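Participant: First the structure, then my questions, so here it is.
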Ligand code: SF4
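Chains as they are written, first to last, in this note's numbering: chain A, 1 to 204; chain B, 1 to 480.
Following this line, the structure appears as structure tokens:
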């Protein structure tokens, strides 16, 4: 994953609430076996409407999306994050997210920032004409008009984003602790081990 | 697990699964059970392959295709496997088959008698166990919480993480107790209970929480009914919804193919009995409902929180205090083709779907069959599907003669899978048409572009099928 320290540029001044993952990427796009190319299907039902924000030449291609409460609710499909990434979105700003979506966003290098509704309202106003900057170093969102909104972020997530770390690799390095836990469970709760399971196959 | 401090069920399961605790409270949590399906796993296996990684515990992993698989016949008369017409679906299935073979994962394939929807198969096989942690790349994994498992949906990167390490990096959640006291009225089912809960808490009410369902109404539900309730936890925003294991749970699990046996069963049982929330343990939030206040219910809009009793009317968007909700309701009504004040029971439906991981178990089919028996699907209904949740449910229903009740009434009797719950296999609701559906999501386009969904219980879906409109099932029960 590429490290992300700052996202600056135009933002879609959207603000819509309860945007579910079926809206972000409809189910019929989920038949792919790859992570690429899903931007074409992003917000399909919204883009079917004339004059929609995503095809508005003023905003098309913006790296930032400003959304409303409960963004990304619904299914666990990571395709929602892949679709946003594929359409060039690098940061989302909203008052709240579904838990699964915000996790998926981070794992794909998308900065999901939480700000209160009044800050969102202000940013939507600004984004209609001007650019917005999301800075992970200073943990702030700024505008050309001296607006400065501080945000919080899980330190682990922030670190992974800023250094572009691979979480699987990080955890594999803790193999000894995992093996130790497994041995203890084999004694305490032996029924959890399934009999007749297959041996793992190493794949080169 | 003896502690002096009273703990919740969630805390007990959490504590038993901490591999390492980080300074900031993030924990490395061990995952006991991992269910895999064709849609959210290909990219995870691909990454493992690209990085030369293996599956750490294939024995704790079980794969089954469900989302994409057509629900029409899978073999010809001679037992040969029939091809899947849609090339992308066929490719996704072939990819899963290649991955499970390569990585050595147990698999119930498309023509296996055990194949079904992951969330039906897990409990049915005894793969899901009380006090375990269980994940799947699917948000309705919350269903497994009905057996007292800490179960939640994960994204594909996390699927990869679990395959490679059998762990996840997590922060402990807050907990919310949702207590349903008293008893349920005549004709009221588990589905109505969970719809009433979401109607009360809202679609985001549970965000950030793990829910524990308690109270007499929940206790008196069968495991199948409990699965319906926990299944829809995610529709209320909660990633997981737990129900404490009890004698009902143990009786359900005993003898299931993958459940512990003999001395291990006894040992497991002893531990499971220590799991329920201790007296005096605190939840961060408590919500209570009265069972007697719950009616057969359904949704009118495009969010699962848009719930009304069947005796109710389509609400006026102006009646909502929140301005954003007013706008959303207005848009929902336009999409749904409804006008404020209409009686719900006057709304005609063209499609009926009885299935999905919410309501496709044997009890659900029995409840629907009881209403359908001796009646016919109404003329205006163009499509009426019954899709059992697994091959085992299907065979059980056939042994009880339920399939004949349905087919004689004019329903289609299908092979197990997700079917019309989401529009990614051939089963879809045509644009602009309306569906009484036992599934869990009424989102815009969920059952097909332009499809209009009303979420209902199996008995209510059956009632709508035979009358051709949304109907109070109590009017049909016992009245013949
Ligand atoms: S039945 Fe529906 S909700 Fe359940 S797993 Fe399948 S698609 Fe998801």
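For glycine and all other residues, C-beta sits at the position ideal for the given N, C-alpha and C. All of these numbers come straight from a predicted model, not from anything done at the bench.
(1) Given that residue 191 of chain A touches chain B, what residues does it touch there, using C-beta distances under 7 Å?
(2) Go to residue 94 of chain A, then tell me how far its beta strand (DSSP E) extends in each direction, as first and last residue.
(3) Could you compute how far the alpha carbon of residue 64 of chain A sits from the alpha carbon of residue 361 of chain B?
(4) Could you give the C-beta distance for residue 23 of chain A and residue 43 of chain A, rounded to a whole number, given that I count them as a contact under 8 Å?
(5) Using 8 Å as the cut-off, classify the Cβ of residue 351 of chain B as near or not near the heavy atoms of the ligand SF4, replying yes or no.
(6) In or out: residue 428 of chain B buried (at least 16 other Cβ within 10 Å) or exposed?
(7) Enumerate in chain order the residues of its own chain whose CB-to-CB distance from residue 187 of chain B is below 6 Å, with the five nearest sequence positions on each side excluded.
(8) Report yes or no: is there a C-beta of chain B within less than 9 Å of the C-beta of residue 26 of chain A?
(9) Three-state secondary structure (DSSP) at residue 77 of chain A?
(10) Spell out whether any CB of chain A is found under 9 Å from the CB atom of residue 161 of chain B.
(11) Could you tell me the boundaries of the beta strand (DSSP E) in which residue 212 of chain B lies?
(12) Compare the beta carbon distance of residue 234 of chain B and residue 133 of chain B with 9 Å and say whether it is the shorter of the two.
(13) I want to verify the contact list: residues of chain A whose CB lies under 9 Å from the CB of residue 42 of chain B, in sequence order.
(14) Going along chain B, which residues have a C-beta under 7 Å from residue 43 of chain A?
(15) When the distance is taken between beta carbons, is residue 39 of chain A closer than 9 Å to residue 85 of chain A?
(16) Below 8 Å, is the gap between the Cβ of residue 66 of chain B and the nearest heavy atom of the ligand SF4?
(17) So, are the CB atoms of residue 137 of chain B and residue 243 of chain B less than 9 Å apart?
(18) Please classify residue 250 of chain B: does DSSP put it in a helix, a strand, or coil?
(19) Would you list the one or two residues that DSSP bridges to residue 63 of chain B?
(20) If we ignore side chains and look at the alpha-carbon of each, how far apart do residue 13 of chain B and residue 122 of chain B end up?
(21) Looking at C-alpha atoms only, which residue of B:414, B:439 and B:449 is the closest neighbour of residue 431 of chain B?
(22) Determine the extent of the beta strand (DSSP E) in which residue 174 of chain B is found, giving its start and end residues.
(23) Output needed for residue 26 of chain B: all residues of its chain with C-beta closer than 8 Å, excluding positions within five of it in sequence on either side, in chain order.
(24) Which parts of the stretch 225 to 284 of chain B are runs of the alpha helix (DSSP H), unbroken and 4 residues or longer, counting only runs that do not cross its ends?
(25) Which first and last residues belong to the beta strand (DSSP E) in which residue 383 of chain B is found?
(26) Could you tell me the distance, in whole angstroms, from the CA atom of residue 156 of chain A to the CA atom of residue 166 of chain A?
(27) Below 9 Å on C-beta distance, what does residue 92 of chain B contact in chain A?
(28) For residue 107 of chain A, would you say it is in contact with chain B, using Cβ-to-Cβ distances shorter than 9 Å as the test?
(29) Counting Cβ pairs, one atom from each stretch, are 3 or more of them under 8 Å apart for the stretch 287 to 307 of chain B and the stretch 190 to 202 of chain B?
(30) Using 8 Å as the cut-off, classify the Cβ of residue 497 of chain B as near or not near the heavy atoms of the ligand SF4, replying yes or no.
(31) Name the residue from B:91, B:384 and B:299 whose alpha carbon lies nearest to the alpha carbon of residue 193 of chain B.
(32) Note down, one range per segment and in chain order, each alpha helix (DSSP H) of at least 4 residues found wholly within the stretch 401 to 454 of chain B.
(33) Name the chain A residues that come within less than 7 Å of residue 30 of chain B, Cβ to Cβ?
(34) In the DSSP assignment, the beta strand (DSSP E) including residue 135 of chain A goes from what residue to what residue?
(35) What I want to know is whether the C-beta of residue 75 of chain A ends up closer than 8 Å to one or more non-hydrogen atoms of the ligand SF4.
(36) Around the Cβ of residue 101 of chain B, are there at least 16 other Cβ atoms within 10 angstroms (buried) or fewer (exposed)?
Facilitator: Checking against the coordinates, here is how it stands:
(1) Per Cβ cutoff of 7 Å: 260, 264, 267 and 268.
(2) Taken as a continuous stretch (DSSP letters only), the beta strand (DSSP E) holding residue 94 of chain A covers 91 to 94.
(3) If I take the Cα positions, the gap works out to 44 Å.
(4) About 7 Å; that satisfies the 8 Å criterion.
(5) Checking the Cβ of residue 351 of chain B against the ligand SF4 gives no.
(6) Under a 10 Å Cβ-count criterion, residue 428 of chain B is classified as buried, with 16 or more other Cβ atoms of the shown protein chains found around its own Cβ.
(7) Counting only Cβ-Cβ distances below 6 Å, and skipping sequence neighbours, we find 296, 473, 474 and 477.
(8) Interface residue (Cβ-Cβ distance to chain B less than 9 Å): residue 26 of chain A is classified as such.
(9) Coil, per DSSP.
(10) For residue 161 of chain B, the nearest beta carbon of chain A is closer than 9 Å to its own beta carbon.
(11) First-last of the beta strand (DSSP E) with residue 212 of chain B: 209 to 214.
(12) When the beta-carbon positions are compared, residue 234 of chain B and residue 133 of chain B stay at least 9 Å from each other.
(13) Within 9 Å of the CB of residue 42 of chain B, the CB atoms of chain A belong to 32, 33 and 34, in sequence order along the chain.
(14) Near residue 43 of chain A there are no residues of chain B at all, since even the closest Cβ is about 12 Å away, more than 7 Å.
(15) Yes, the pair counts as a contact, with Cβ atoms nearer than the cut-off.
(16) Look at residue 66 of chain B: its beta carbon is less than 8 Å from one of the heavy atoms in the ligand SF4.
(17) Cβ distance not < 9 Å, so residue 137 of chain B and residue 243 of chain B don't count as in contact.
(18) Correct three-state label for residue 250 of chain B: helix.
(19) Residue 63 of chain B pairs with B:36 and B:107.
(20) So the alpha carbons of these two residues sit roughly 19 Å apart.
(21) Comparing Cα-Cα distances from residue 431 of chain B to each of B:414, B:439 and B:449, the minimum goes to B:449.
(22) Boundaries of the beta strand (DSSP E) around residue 174 of chain B: 174 to 181.
(23) Apart from the 5 residues on each side of it in sequence, residue 26 of chain B sits with its Cβ closer than 8 Å to the Cβ of 169, 170 and 171 in its chain, given in chain order.
(24) At a cut-off of 4 residues, the continuous stretches assigned as alpha helix (DSSP H) that sit fully inside the stretch 225 to 284 of chain B are 247 to 253 and 262 to 272.
(25) Per DSSP, residue 383 of chain B belongs to the beta strand (DSSP E) from 383 to 386.
(26) Their Cα atoms are separated by approximately 12 Å.
(27) In chain order: 30, 31, 32 and 33.
(28) It does; some Cβ of chain B falls within 9 Å.
(29) The stretch 287 to 307 of chain B vs the stretch 190 to 202 of chain B: in contact.
(30) Not covered by the structure: residue 497 of chain B. The range shown for chain B is 1 to 480.
(31) By alpha-carbon distance to residue 193 of chain B, the top candidate from B:91, B:384 and B:299 is B:299.
(32) You should have 402 to 409.
(33) Within 7 Å of the CB of residue 30 of chain B, the CB atoms of chain A belong to 181, in sequence order along the chain.
(34) Residue range 132 to 135 is occupied by the beta strand (DSSP E) that includes residue 135 of chain A.
(35) Result yes, Cβ under 8 Å from the ligand SF4.
(36) The C-beta of residue 101 of chain B has fewer than 16 other C-beta atoms within 10 Å across all chains shown, which makes the residue exposed.
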